[in-house]
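The opening residue of the sequence shown carries number -12 in our numbering; numbering runs sequentially from there.
From the three backbone atoms N, C-alpha and C, an ideal C-beta is built for every residue, glycine too.
Each remark here refers to the structure printed beneath this line.
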Amino acid sequence: MKPLSQLTSKDLAGRTALVRLDCNVPVKEVKVVEAFRLEKSLPTIEYLRQNGARVILIGHLGDNGQAGLSPIADYFARLFPIKLVGGPTDSELPKILASGTVAMLENLRRWPGEKANDPTFAAQLASLADLYVNDAFSVSHRRHASVVAITEHLPSYAGLLFEQEYQNLSRALAINKKTVVILGGVKFSTKIPLLTRLMTSAERIFVVGALANSFFKASGWEIGRSVADDQTAYVEPFLNSPKIILPLDVVSDTEGNQTVKKPAKLTPNDLIVDLGPETLTLIERTLQKAELIIWNGPVGWFELGHKQGTLTLAKIVAEAPGFSIVGGGDTLAALREAGLSAGFGFISTAGGAMLDFLSAGTLPGIEALNRAPV
């Protein structure tokens, strides 16, 4: 995998770079409301422009391709000249690039070939440029045309953000007895490879949020109206592990009234919405001895306004003495809201890609860059 940082103006001047970004950011009323991932890719875009390259940005927003990328282009337009075009066959592209303006293609998921990792679609994208830059580590767990197949057609490089993600998350691969992991989220089946690895390496694994509800359900406890994975059979091999710590208390919403309860005391009317104070105190105490802290996923129903547990945990992790690595979309939003972004060792733009990388030590996007011509 060759990093973009090794290229100079001699290598880049007058050449066209196709840059894969993660544009899948929160948008409300056609405006970007959380720009962290976009901000983190700015150094790569500016590096290319300052070294004389023409730049075409590509990415996606949403799953089905219906959303347009005009909010993303509008965000960047405050920082440099940019023009959104319809797609890879747009006749305006050469004129836009010749003027020094950055071009951005519309949402890649509008083309079936993107998610299909179609070599023909990849070749069409590649025909626009002289080199390819992947600056979307957070998308690199996907075998999509703009991540994998495209590297067969162009000299390919890891962007500055991609390189930073790879270096810092590689540090987390050295999980040992001084490592404490905090794992939230909903779907348990996607966490199995990582949990299996952690069982033999990490000191403690705090399972929180909706992920913990799946453990409660598999244990035969009542979880009421709480969100949980339907496939509890996946959970059973992990139930009796002394390394896994489940919440000691939770915040439950019962007909609009919020109370702190022990998980074993929940009723059919309860809805678990957040982590309780006793559990947060236990996490804080445990982290005092940790050398490495890995946190992925919110501890409460963050998107519905139940933020206190996640915000409190953000403060606890930020103030812990160990090196902390944090990732996951809702987790990032919590850090920004709490004003704690500067208190961590590394904040990853990745969610699922971070989990996959920590499980396997690589990603399809990394392997594609390793195989690519340079």
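Notebook entry, point to check: Is it buried or exposed for A161, if we count other Cβ within 10 angstroms and need 16 for buried?
Noted result: exposed
Notebook entry, point to check: Can you list, in chain order, the stretches of the alpha helix (DSSP H) that have 4 or more residues and sit fully within the segment 245 to 313?
Noted result: 264 to 274 and 295 to 306
Check: Does the beta-carbon distance from L322 to A301 come in below 7 Å?
Finding: yes
Checklist line | Neighbour-count burial assignment, T254, 16 or more Cβ in a 10 Å radius | finding: exposed
Next item on the list: Identify which residue in I259, I231 and L84 has its Cα closest to the Cα of E242.
Entry: I259
Next item on the list: Buried or exposed for S86, please, with buried defined as at least 16 other CB atoms from any protein chain shown within 10 angstroms of its CB.
Entry: exposed
Item checked: Residue range of the alpha helix (DSSP H) that includes A355 -> P351 to R358
Item checked: Cβ-based burial, L279 [other Cβ within 10 Å; buried from 16] -> buried
Notebook entry, point to check: Mind checking S213: buried by the 16 CB within 10 Å criterion, or exposed?
Noted result: buried
Check: Taking the alpha-carbon positions, what's the K249 to D236 distance?
Finding: 5 Å
Next item on the list: Find the nearest neighbour of T268 within the set V304, L148, P142 and L115, judged by alpha-carbon distance.
Entry: V304
Notebook entry, point to check: What residue does the alpha helix (DSSP H) around L185 start on, and which one ends it?
Noted result: I179 to L185
Next item on the list: Measure how close the beta-carbons of D117 and F149 come, nearest whole angstrom, since I'm counting them as under 8 Å.
Entry: So it is not a contact: roughly 19 Å between Cβ atoms.
Next item on the list: Name the one or two DSSP bridge partners that N163 has.
Entry: N163 is not bridged to any residue.
Note to self: Going by DSSP in three states, F67 sits in which element: helix, strand or coil?
What the structure shows: coil
Notebook entry, point to check: Alpha carbon to alpha carbon, what distance is there between I137 and W98?
Noted result: 14 Å
Item checked: Nearest candidate by alpha-carbon position, reference P180, set K164, A4, S346 and I45 -> S346
Check: What's the call for S239, buried or exposed, on a 16-neighbour Cβ count within 10 Å?
Finding: buried
Notebook entry, point to check: Pick from L(-6), T107, N104 and V12: whose alpha carbon is nearest that of A60?
Noted result: V12
Notebook entry, point to check: Just reading off the beta strand (DSSP E) that A364 is part of, what are its end residues?
Noted result: With the chain represented from -12 up to 361, any question about residue 364 goes unanswered, as that position is not in the structure.
Check: Using DSSP with H/G/I as helix, E/B as strand and the rest coil, what is K82?
Finding: helix
Next item on the list: Report the partner residues of L170 according to the DSSP bridge assignment.
Entry: V194 and N283
Notebook entry, point to check: For F289 versus L156, is the C-beta distance shorter than 7 Å?
Noted result: no
Next item on the list: Could you name the residues that DSSP lists as bridge partners for Y62?
Entry: According to DSSP, which records beta bridges pairwise, Y62 is partnered with nothing at all.
Margin query: At the 7 Å Cβ level, is T318 part of the contact set with chain C, yes or no?
Written below: Of the chains in the structure shown, none is chain C; there is only one protein chain.
Margin query: Relative to the C-alpha of E33, which candidate in G49, Y62 and L66 has its C-alpha closest?
Written below: L66
Check: Terminal residues of the continuous alpha helix (DSSP H) containing A320?
Finding: G316 to A325
Check: Is there contact here, the segment 191 to 199 with the segment 163 to 183, by at least three beta-carbon pairs under 8 Å?
Finding: yes
Notebook entry, point to check: Under 7 Å, do R130 and P351 count as touching if we go by C-beta distance?
Noted result: yes
Check: By how many angstroms is the C-alpha of F331 removed from the C-alpha of I231?
Finding: 24 Å
Checklist line | D122 in three-state terms, based on DSSP | finding: coil
Check: Touch check for the segment 307 to 326 and the segment 104 to 111: three-plus C-beta pairs under 8 Å?
Finding: no
Note to self: Please classify N227 as buried or exposed, where buried requires at least 16 other C-beta atoms within 10 Å of its C-beta.
What the structure shows: exposed
Next item on the list: Measure the beta-carbon distance from T219 to A205 and round it to whole angstroms, keeping in mind my assumption that it falls under 8 Å.
Entry: 4 Å
Margin query: Report the CB separation of L112 from S133 in whole angstroms; it is logged as a contact under 8 Å.
Written below: 6 Å
Check: Helix or strand or just coil, what does DSSP make of T3?
Finding: strand
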